[in-house]
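Protein chains in written order, with our numbering: chain A, 105 to 522; chain B, 105 to 522.
Here it is as structure tokens:
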């Protein structure tokens, strides 16, 4: 059968014809299918039991165009191959932190996976000021394991290059290259921003030192092939509940800079922090939750750095450099210093990416629900102006950052007058 | 016909059966074939006119093992695909500076190309103190054009990634990763060095700060996918005469750091400089030629930097970033500063690679003919000790280099007592 886009009826027929998954949709009261996608890129169907909508299976199918822009913006369905292989790889490296893939069909550009009926998109939980006591631990494990285990620190040169070849992903890379690192900061028809912050947006677009810094951060995105990164790890790509964390939607995965994943996550937590100036009017309630978010930022980095380094020490099997390279009297001290400097470069790179990711959400094609859900444009501008200040400083001051407290310090300095 | 290794007889039969090149070997006095390879990796046949050995054609064929090490060291013949496509690409980008490819046969792992009967391997010319008045201009053009035109500064993201995918070259990359950046500096059975410099070699192998710096330079080789680089651009990969320059042997080509090509070239010129302490006993003759070599180093970098930047300004078509990104009042100044910082990073990276390339030639599997041709081990050690001092400083002081004079200054400081 050739490709055809499914709908809520045909998806059930499709599932019935999969012998291996026949039982997965055989609920006592019969299955029901609902389209649950966010509408940006793909069709997403939840097939659940009619009486218990938490029990079920998920079917995700790529459309041959960018759904949010319509059929006039073609996008090859090949992205589903990247998503599927990344889901399988990440599940293998970080089991329990990624939905399990049950079936994939390259011709149909479709993947069938675990349905997360008990979970919610993380952004929504954060806007509701929910606390996720296990999240920092989970996500720092996901980051440490997926990034370390696909890098030259763990793999041999040929192993790494075989992986890199499978993840050359020009089309989706180009979306990020354009919409994170270039077009938000220049005149481009798709850009949108709150008219209340027009002066700030225009100032960014003609700020020479900042744009130079953004171009340098973009260079690292385009050329630093360090590990297979998720490459879209914002809080809309994470499903959570108080016990569990799952990273979804890795179709942008490619061999890129580790700092991009870390930066995406941290910047989205701070965007949520800023959104509470509107979402949480009570000052005490707000500052308590904001402190919780800063603690989460700190815990994620510290957890990530510690786990990454432990993995490295215990599995120093890669060729960058071979373990035996450090086999001399002061070798362990030199290896420790190599690690320390590596982690510092990673943090600085993450801060640069975090800054770009924050800025682009204020003035590019893709905004962020935490903030656009603030109805009052004047109130919304309060958060947005701070995001622009913090994002700009993160980008331009990234080389002066020496630890996670410096990144948090910039947030505190810019928000202390609120 | 399947693969079979050719010899001086069968190569003539092979050529006779190529209709398109039938005439190329039809000399009045009949063709003669000689195996002229250096014996490291491949078979190389010069097919020339019997009476005029400067007229002819060249046939290069890969063997399924590392020739220098014997049949026990397998190496896939796929490297000939990398060599052929790189020769064709580089010829297109730098016409007249690369031998022209007439024919290639993937099944036979073979390429037929222009024969350079009037040229000599550059190392040999330099040991004879030959001056090559057009070389710096030629090679800086080769570097500027091949590196710029295969980078994100010139290409769109998808164009660059299509090129990168064609040049994923794990096997030959691994040779450099091992034999330039790791194994010379640790215990490895294939390492060889002059017993006279044993103390210096042992000191390098336990020098923590130096080894840390080497590991960081190796990281850039393994992860910085900036452009399609030649990746073995020493003076044994360049054929010269007073008028002409041709870059050969690009089988190591892959998408890597631009500084590696620049560094390989500069370090080999300085190794030749040092070899004249033995090859040229007359102090005046020696210092004149050494000054010429330093001038050449200076001219290469300055020529390269100027041509690279001119190409960039005149062909700012890449996506790093799009030209329109600089379209604001201070934009041209910001673009100029982006270029200045880019070139400085490139130079510093080149200095790091140059240092590693110099060190490895003193203590790894691959030595350098300029220096090993010095028969007297004591005399040879004079050049080698200087190479170790200069190489070490280039690697560890690379971040302090602010221009080509700083790199030359280190050579002058270390050699001034000679």
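Glycine included, C-beta positions come from ideal geometry on N, C-alpha and C.
Note that this is a predicted model, so its numbers are computed, not measured.
Starting from residue i, find everything on chain B with Cβ-Cβ shorter than 8 angstroms and list it in chain order.
i                      : result
residue 286 of chain A : 423, 425, 426 and 429
residue 256 of chain A : 323, 326 and 327
residue 438 of chain A : 312, 313, 315 and 316
Classify residue i: buried if its beta carbon has 16 or more other beta carbons within 10 angstroms, exposed otherwise.
i                      : result
residue 130 of chain B : exposed
residue 376 of chain B : buried
residue 371 of chain B : buried
residue 417 of chain B : exposed
residue 194 of chain A : buried
residue 176 of chain A : exposed
residue 227 of chain B : buried
residue 503 of chain B : exposed
residue 108 of chain A : exposed
residue 394 of chain A : buried
residue 444 of chain B : exposed
residue 229 of chain B : buried
residue 261 of chain B : buried
residue 329 of chain B : buried
residue 354 of chain B : buried
residue 156 of chain B : exposed
residue 522 of chain A : exposed
Give me whichever residues DSSP pairs with residue i in a beta bridge.
i                      : result
residue 359 of chain A : A:332
residue 136 of chain A : A:152
residue 517 of chain B : Looking at the DSSP assignment, residue 517 of chain B forms no beta bridge with any residue, so it has no partner.
residue 344 of chain A : A:224 and A:349
residue 147 of chain A : A:165
residue 160 of chain B : B:152
residue 218 of chain A : A:161
residue 256 of chain B : None, per the DSSP bridge assignment.
residue 209 of chain B : B:214
residue 178 of chain B : B:169
Cβ of residue i within 8 angstroms of Cβ of residue j?
i                      : j                      : result
residue 450 of chain A : residue 363 of chain A : yes
residue 481 of chain B : residue 298 of chain B : yes
residue 442 of chain A : residue 319 of chain B : yes
residue 259 of chain B : residue 351 of chain B : no
residue 112 of chain B : residue 139 of chain B : yes
residue 205 of chain B : residue 214 of chain B : no
residue 337 of chain A : residue 365 of chain A : yes
residue 314 of chain B : residue 505 of chain B : no
residue 457 of chain B : residue 344 of chain B : no
residue 474 of chain B : residue 231 of chain B : yes
residue 152 of chain B : residue 135 of chain B : yes
residue 308 of chain B : residue 325 of chain B : no
residue 467 of chain B : residue 305 of chain B : yes
residue 300 of chain A : residue 128 of chain A : no
Can you pull the chain A residues whose beta carbon is under 7 angstroms from the beta carbon of residue i, in chain order?
i                      : result
residue 462 of chain B : Within chain A, no residue comes near residue 462 of chain B; the closest Cβ sits about 18 angstroms away, beyond 7 angstroms.
residue 432 of chain B : 309 and 310
residue 281 of chain B : 261 and 423
Below 9 angstroms on C-beta distance, what does residue i contact in chain A?
i                      : result
residue 272 of chain B : 265, 266, 268, 269 and 272
residue 435 of chain B : 310, 312 and 315
residue 262 of chain B : 274, 275, 277 and 278
Can you pull the chain A residues whose beta carbon is under 8 angstroms from the beta carbon of residue i, in chain order?
i                      : result
residue 381 of chain B : Neighbours of residue 381 of chain B on chain A: none; closest Cβ ~30 angstroms, over 8 angstroms.
residue 319 of chain B : 424, 425, 429 and 442
residue 322 of chain B : 424 and 425
Determine the chain B residues that contact residue i at a beta-carbon separation under 7 angstroms, and present them in chain order.
i                      : result
residue 441 of chain A : 316
- Query: According to a CB-to-CB cut-off of less than 7 angstroms, which residues of the segment 488-512 of chain A neighbour chain B?
  - Reply: Per Cβ criterion, the list is empty.
- Message: Please list, in chain order, the residues of the segment 326-340 of chain A that have any C-beta partner in chain B closer than 7 angstroms.
- Response: 326, 327, 328, 329 and 330
- Query: When you check each C-beta in the segment 453-481 of chain B against every C-beta of chain A, which residues fall closer than 8 angstroms?
  - Reply: Per Cβ criterion, the list is empty.
- Message: Along the segment 289-309 of chain A, where does the CB come closer than 8 angstroms to a CB of chain B? Name the residues.
- Response: Here the close residues are 289, 290, 291 and 309.
- Between the segment 353-367 of chain A and chain B, which residues of the former have a C-beta closer than 8 angstroms to a C-beta of the latter? none
- Under 8 angstroms (Cβ pairs) to chain A, residues found in the segment 186-217 of chain B: none
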